[in-house]
Structures are given as C-alpha cells and as structure tokens.
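What follows is a set of notes on a single structure, which appears directly below.
Next up, the structure:
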C-alpha cells in the first residue's frame, strides 16, 4: 500500500498566525477567551484550552476579559458588545479575511449592493456581512442567483471557496447586472491546496481528508475529492477502520487549513498499524502543482 | 414551404436614429459626409448617397464640410483632425455606444487597464479604445486571455457581442485579476434579436440572415444559427438560388440591426418567385421570446 501526502496540506498562514497570537496572549494571562472557536479544529481548540484559552459562545457572557478575535473575524455588533463590556480585544482575524471585510465596507460605502459567494451560516460570512449597512445577499450555489436586476453590484467570495464556484456564479449573475465590481477574495493558499488535493485524488484509490467537520475549506476538499475518487473525511485517526482501507492500494492524505500536523501524523500511524506496517510513503514531488503558496 | 420572420429583425433604435439624423442633416445641404459607412449596410449607404450623403475614408480628406459621425462612433484623434480642418460634426453615434465610450473613459481615469471583448478591427472598438490613454487590450475569444495578472481590470463588450462570449471570457479572466470592474455594454436590442433568431433557427430547416457582410451583429446572427441549422448569410435577395431553397420545408428569415426592411421584403419576394408562389408566411407569435426590446 502506498500513502501519499498532498503538498500544501495542513495549517495555512492565517491559522498559524492566529494560534501564535493566541498562545502569546495567553502567556501568564487569566480570563482569556475566544468568541467561538479560534480555528475550525475541535482538537486544536481543546489543545488551546490547556493553555487557558477558553471559548465563549455569546459576546454578552464576557466582561473585562481579554478576547482573541477568531481567525474568521467577528461581526461589528459582537465587537461593539465586547468593547462595551470592558473587554480588551486582540485581533487574530486572518489578514486575508480582514482585507475582504474592508472590500465589503468600501463597496457598500460606494453604493453597491454586496453579494458574498459563500455559506450564509459561516462565521466569516456573518462577520463580512456586518461591514455593509446596505443591501446584501449570500449566494451558496449558482442556482441561488435570484431573478432580479441590479444597476450595480459588488461581488466577493468567502476566502475558502473555490474559483470554479466564483466563475459559475459570476456567469449566472452577469445577465442580471449593468455594472459588476468584483474583488477576488479567495485565499491563494486555499486555491493551491485545492489544486494539489485534486491532483493527488486523481492518482489515489482512496483520499482521506483530515480536518474539522465545521471547517469550510476542509469540507470543500472532501467535496472536490468525492467527485474524483473514494473519499473519507475524518477529524481524528480513530475514525478510520481496517475495513475502509484494507483493499486500497494507493491512499492519498490531505488536511484542511486548520488541521494541526500531529493529526496528520496520527492518521498515518493509524493506517500503518491497521495494515501491519505494510505501507510505503511515496514522495509527492511528482504531483503537478505549478504555483507556490503565497499566503 | 413555410417562411417565418424572426421577431426583432431589422433596424434597431441606434440605426434608425442615425439614418434620421443623417437625412435631416442632408436636407438642402452641400458637402455632407460620413467618415466610413454611417451603418454597416452597403445598400443603405448607397441609398443615402442618393440624398447627397457621401462617404469619406480618411478624416484628412475633409475640410469645411458637415460630417455625420457614424453610428459606431469615431476615434478621438479622427474627431480632432476633423475639427482642426474646419468641419462641423453632427453626432449620430448610437447612444449605447456613446455610453460604452464614457465607461472606457471613466475606467481609464480611475486607473483600470481596460479590456474590450470584441473585434479589434471593428470601428466601434477602435473608437472605444481611443477613450483610454492607458493599458488596453481587445479580446476576440476566450482563448485570447493572456497569461498575466492584473491588480485591477476594467471590462466592457462591443455592444453587438453576445452574453455567452462575455460570460466565458470573464470566467477565463477571473483567475488573472484581483479586482474586476465590468460594465455590461451589450445592447439589449442585440441580445433580444439573438434570442429570437436562435428560437427561430431551432424550428427551421434553413435560416437566411440578411445584412451587411461588414456588420458585426449580422455575422453574429449567422454564427449563432450555423450552430443550429443550415444557414445562409446574404446581403441582397439576388444571392439566393433555387438550388439553395428548393428542398427546404421551413425557412426562417432574420436581419441585422442595420438591414432596411425593403431588403427583407426583397428576400421574401425572391423565395416566393423561385418556388412558384408556393410559400406560406407563418406567424412568429408562437416563438418563445420573453422580453420586450428596449433600445
């Protein structure tokens, strides 16, 4: 059995940065919180709790504490509530998400209704929406483009969505607008990760995607792979059974942007154990990925 | 043999307006010219010459004359030359083309390199390009999208191109831009005419497209139909032979935006004559076209 690890798997720049900010802030601190999970990895959130970083669900719960703003950002109203209650905020929002929020604010201030291509329940999208006081619309799939006409329209993407979704949705929007102003806010790391994962899926009998079930970018990797080969999405190694892997010859591994390396190693060890050490780790250097990760 | 005429065939608003302006200007005038053909119908240009409206090819030829600016617009440098030589200009540029020129000027003044989706040799495109002093690029087909990256990019279409071309080209451009600002400058009349023609082609054994071979919108109608059924593009009725039509049961007729009605009538009479008056004109009311022509 051959096991290959996709290039560009695991922590992205924004996640690494958020963890570093959180750990530095927690050093010797009491009463340190995140509002919602700092990143979408339940295992990593548990690890952070061992450093005293606790998670609150509601901003009204927090008073006079240090609050780390999660990597996905928080809404302006949550921010306002936190500040009103005497909390000190430390911003661990991914800089690419902050940039997208700024684009929303700019488009709105220039009179553009704003369409965000993404998941309406995702915290990143909820936070982005709060930066526009005017008309907003979240479109999750091209079929959701409504039958109306806009003189002008601003368009952005959730940072972890993919180019194909952006292209197809914009194609459907075009007959409905006179002026369309789009900021491509898809994170380069996301698109490169997806490209590398797709390349690996094409030469694998089974793809195992490791990452939080609440992680949008991880789910997107699983969705992409399931269109190509047999695919398994797991959060931790113990979800993998002997039956699932025993008849596979070529297993590909990849992990979402919020998945810590140790969870990837755990999965490799698990497969190795289940197969009686009959695995071979193969280099992925021959997988054709053209670009360098830039964020 | 059944003959059907497509809805929305023949003169569009901009062409009618240009002819009206030209004829009013020619009333009692000497030395009245257009620079290039007023519209892309050689037969109509000949008709205009009978009203004393002559055509010049080069702006340097014209001095102290009345010059009607053609429906496709003229470049700023041609305009400058004409004015320098003491000519009086009467603007018959289609208002939708003028609007597109203004968008080019605006995008350029705001620092956007400008892409025009269209034919680089078409006078409308040449005129539009002159409104940008910065980087410009004409893209005739999606395959022409170059392998480069723009931080910001303005996009427009030649007014007579179609939505599918705009959609496909924008899709190809998206991975190459950070910010894309697009004005949909496709004329509504053009898109409605294309929709009606496509609908008719689907129920015809032969489509006859009537209009100038130098007319971009007429050529586009012929290209659309040739993907659906047997198609003939003619300028005048005498190009149609008995052999071409004798075995056809259902003939569809349509005409470009610069084709005068009498040329359409000529074609009908020609078919009728060649078939020994065995034609039946069928209503097109049942052809499903949803929208009203708005320009």
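Chains as they are written, first to last, in the working numbering: chain A, 211 to 505; chain B, 211 to 505.
A virtual CB, placed ideally from N, CA and C, is assigned to each residue, including glycine.
For the alpha helix (DSSP H) that residue i lies in, which residues bound it at each end?
i	result
residue 349 of chain B	Where residue 349 of chain B is concerned, there is no enclosing alpha helix (DSSP H), although the beta strand (DSSP E) it sits in stretches over 346-349.
residue 338 of chain A	333-339
residue 411 of chain A	398-411
residue 481 of chain A	471-484
residue 311 of chain B	305-319
residue 449 of chain B	Here residue 449 of chain B belongs to no alpha helix (DSSP H), and DSSP marks it neither H nor E.
Return no unless some Cβ of chain A is closer than 8 Å to the Cβ of residue i.
i	result
residue 488 of chain B	no
residue 221 of chain B	no
residue 376 of chain B	yes
residue 405 of chain B	no
residue 297 of chain B	no
residue 424 of chain B	no
residue 355 of chain B	no
residue 236 of chain B	no
residue 501 of chain B	With a pLDDT of 41 at residue 501 of chain B, under the threshold of 50, the modelled position of this residue cannot be trusted; read the value that follows with caution. So, not an interface residue.
Assuming residue i and residue j make a contact with CB atoms under 8 Å, what is their CB distance in whole Å?
i	j	result
residue 324 of chain A	residue 346 of chain A	5 Å
residue 442 of chain B	residue 214 of chain B	So it is not a contact: roughly 15 Å between Cβ atoms.
residue 427 of chain A	residue 466 of chain A	5 Å
residue 433 of chain B	residue 217 of chain B	That pair is no contact at about 19 Å.
residue 457 of chain A	residue 439 of chain A	About 14 Å; that fails the 8 Å criterion.
residue 396 of chain B	residue 425 of chain B	So it is not a contact: roughly 16 Å between Cβ atoms.
residue 337 of chain A	residue 285 of chain A	5 Å
For a contact meaning CB atoms closer than 7 Å, what does residue i contact in chain A?
i	result
residue 385 of chain B	373
residue 255 of chain B	None at all; the shortest Cβ gap to chain A is about 32 Å.
residue 351 of chain B	In chain order: nothing, as chain A lies at least about 16 Å away.
Determine whether the Cβ of residue i lies closer than 8 Å to any Cβ atom of chain B.
i	result
residue 358 of chain A	no
residue 325 of chain A	no
residue 380 of chain A	yes
If you reduce the DSSP assignment to three classes, tell me which class residue i lands in.
i	result
residue 224 of chain B	helix
residue 386 of chain A	helix
residue 443 of chain A	strand
residue 429 of chain A	helix
residue 379 of chain A	helix
residue 503 of chain A	Confidence is the limiting factor: at residue 503 of chain A the pLDDT is only 39, short of 50, which leaves the residue's position unreliable and the question unanswerable from this model.
residue 277 of chain A	strand
residue 292 of chain B	helix
residue 265 of chain B	strand
residue 361 of chain A	strand
residue 366 of chain B	strand
residue 233 of chain A	helix
residue 286 of chain B	helix
residue 392 of chain B	strand
residue 352 of chain B	helix
residue 506 of chain B	A query on residue 506 of chain B cannot be resolved here, the shown segment of chain B reaching from 211 to 505 and no further.
residue 455 of chain A	helix
residue 489 of chain B	coil
May I ask which residues mark the beginning and end of the beta strand (DSSP E) holding residue i?
i	result
residue 253 of chain A	Run containing residue 253 of chain A: none in the beta strand (DSSP E); it sits in the alpha helix (DSSP H), 252-259.
residue 301 of chain B	298-301
residue 418 of chain A	416-420
residue 461 of chain A	460-465
residue 245 of chain B	242-245
residue 327 of chain B	324-327
residue 213 of chain B	212-215
In chain B, which residues lie with their C-beta within 8 Å of the C-beta of residue i?
i	result
residue 309 of chain A	Within 8 Å Cβ-Cβ: nothing; residue 309 of chain A doesn't reach chain B, min ~10 Å.
residue 319 of chain A	What residue 319 of chain A touches in chain B: nothing, since even the nearest Cβ is about 16 Å away.
I want to verify the contact list: residues of chain A whose CB lies under 9 Å from the CB of residue i, in sequence order.
i	result
residue 389 of chain B	313, 391, 392, 393 and 394
Could you list which residues in chain B have their beta carbon closer than 9 Å to that of residue i, in chain order?
i	result
residue 414 of chain A	Near residue 414 of chain A there are no residues of chain B at all, since even the closest Cβ is about 25 Å away, more than 9 Å.
Mind listing the chain B neighbours of residue i? Cutoff is C-beta to C-beta under 7 Å, in chain order.
i	result
residue 367 of chain A	Going along chain B, no residue has its Cβ under 7 Å from residue 367 of chain A, so there is no contact; the nearest lies around 10 Å.
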